[in-house]
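Take a look at the structure below.
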Amino acid sequence: RSLSKNSKKMMKSKKSIPTPIRILGVDPGYGRIGIAIIEDNNRNLRLIHSECFETDAKTPHPERLSSIEERIDEIINKFKPDEMATETLLWSKNVKTAIKVSEARGVILAAAAKKGVKIFEFNPNSIKLAVTGYGKSDKKQVINMVGKLLKINRKIKYDDEYDAIAIAITGAVSRKIST
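Here the sequence shown stands for residues 5 to 183, where the numbers follow the numbering used here.
Laid out in structure tokens, this is it:
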């Protein structure tokens, strides 16, 4: 059966509704990794999932890195993010810790790249600027704004989780600026 001329005109004139984009925000770490999934439907942001993944300090280094990779892989498989936003590293006074965090960050980047997830990296000041409007905001200001920007239905125990949500928000904000 063919469509009438009016039906064809109406179909052409309707603007397509943009498909929501899922963004995986990751606050890279070695002992604790903040993970968040938000959905950006061009009008508002919605928190889909967040957690603080912890590795056991008694576990050997290679196994800790492997568990980080496995958790990121599980998150990607379950939530199917289109993009990943993560934080660049700041230089640490503790070189041993900085190296371990760098290795964990490499595992996180590789896990996302392996799954074909687009990766975007932001420095801490850019994240603060995107979330609070001020690039030198303190942790409390970021946490406060995250709570205002997204509905969070439970108590969050660790800052790493808030950081991951803030990083995902930054990914969404940067998409709006660049499009």
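Backbone N, C-alpha and C fix where the C-beta goes; we use that ideal spot for every residue, glycine too.
request  = Could you spell out where the alpha helix (DSSP H) holding Asp77 opens and where it closes?
outcome  = 65-83
key: Backbone CA spacing between Ile25 and Ala102 [nearest angstrom]   = 32 Å
request  = Could you tell me whether the region 82-91 touches the region 164-182, where touching means 3 or more Cβ pairs closer than 8 Å?
outcome  = yes
query = Are there 16 or more other CB atoms within 10 angstroms of the CB of Pro64, so buried, or fewer, so exposed?
reply = exposed
query = To the nearest whole angstrom, what separates the beta carbons of Ala61 and Gly29, a pair I think is in contact under 8 Å?
reply = Between Gly29 and Ala61 the Cβ distance is about 24 Å, and since that is not below 8 Å, they are no contact.
ask   = In angstroms, rounded to a whole number, what distance separates the CA positions of Asn45 and Leu51?
value = 12 Å
task = Would you mind stating whether Arg75 and Ile27 have Cβ atoms separated by less than 9 Å?
result = no
task = Compute the Euclidean distance between the alpha carbons of Ser71 and Ser106, then round it to the nearest angstrom.
result = 15 Å
request  = Going by CA-CA distance only, name the one from Lys140, Glu125, Gly137 that's closest to Ala168.
outcome  = Glu125
task = For chain D, find out if any of its Cβ atoms is closer than 9 Å to the Cβ of Leu94; answer yes or no.
result = Absence of chain D from the displayed structure is noted, only one protein chain being present.
inquiry  = Excluding the 5 residues flanking Glu78 on each side, which residues of the same chain have their C-beta closer than 8 Å to its C-beta?
reply    = none
key: Spatial neighbours of Ile171 in its chain, beta-carbon cut-off 8 Å, leaving aside the 5 residues before and after   = Gly29, Val30, Asp31, Gly38, Ala40, Ala89, Thr90, Glu91, Phe126, Ile131
query = Buried or exposed: Gly1, going by 16 or more other Cβ atoms within 10 Å of its Cβ?
reply = Beyond the ends of the chain as shown, which are 5 and 183, falls residue 1; an answer cannot be given.
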